[in-house]
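The numbering of the sequence shown is the numbering used here, which starts it at 138 and goes up by one.
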Amino acid sequence: WRSGDAGTLDQNGYLKITDRFKDVIKSGGEWISSIDLENAIMTCPGVKEAAVVGIEHPKWQERPLALVVLKDDQETTQQDILDFLSSHFAKWQLPDEILFVTDIPKTSVGKFDKKKIRTMYKNHYGA
């Protein structure tokens, strides 16, 4: 039975689920966890919600694209978020672009609809 989850085992044998295989971003031979990026972005001051997906890229196979909803009356910029993330992630893991949106598509149970997001932004990086 395959769960579709990606994870790692620590030295004590505990499993940490890091992402869903279908949501892991494969970029230049490396894997980037969309969940780790989302969780970090959502701790950035001024951010209400964030979804990260891998979008086809002509050079790197996929690159992260972040959709961000800001809290009311916030003026957080893309550079603010990238600066915040740079202390937690390597430069190659950072989203190439952060799009500020008023709403992020969700499924009927309230989860981010990553399939729909990937379809909406399929050609965003020109692949």
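Even for Gly, the Cβ is constructed at its ideal location relative to N, Cα and C.
Could you tell me which residues DSSP puts in a beta bridge with V190? L202
Member of L219, R200, Q215, L207 whose CA lies at the smallest distance from the CA of D105: Nothing about residue 105 can be read from this structure; the chain reaches only from 138 to 264.
Give the secondary structure of S164 by DSSP, where H, G and I count as helix, E and B as strand, and everything else as coil. strand
Given a cut-off of 9 Å, decide if H194 and S164 are closer than it, judged by their beta-carbon atoms. yes
Take K243 as the anchor and find which of K228, D220, I254 has the nearest alpha-carbon. I254
Please return the same chain residues whose Cβ sits closer than 8 Å to the Cβ of K228, not counting the five positions on each side in sequence. none
Taking all protein chains shown into account, decide if D160 is buried (16 or more other Cβ within 10 angstroms of its Cβ) or exposed. buried
Residue interval of the alpha helix (DSSP H) (run including I254): 251-257
Out of P182, Q211, I218, point me to the one whose CA is closest to I235's CA. I218
Determine which residues share a DSSP beta bridge with F237 and list them. V205
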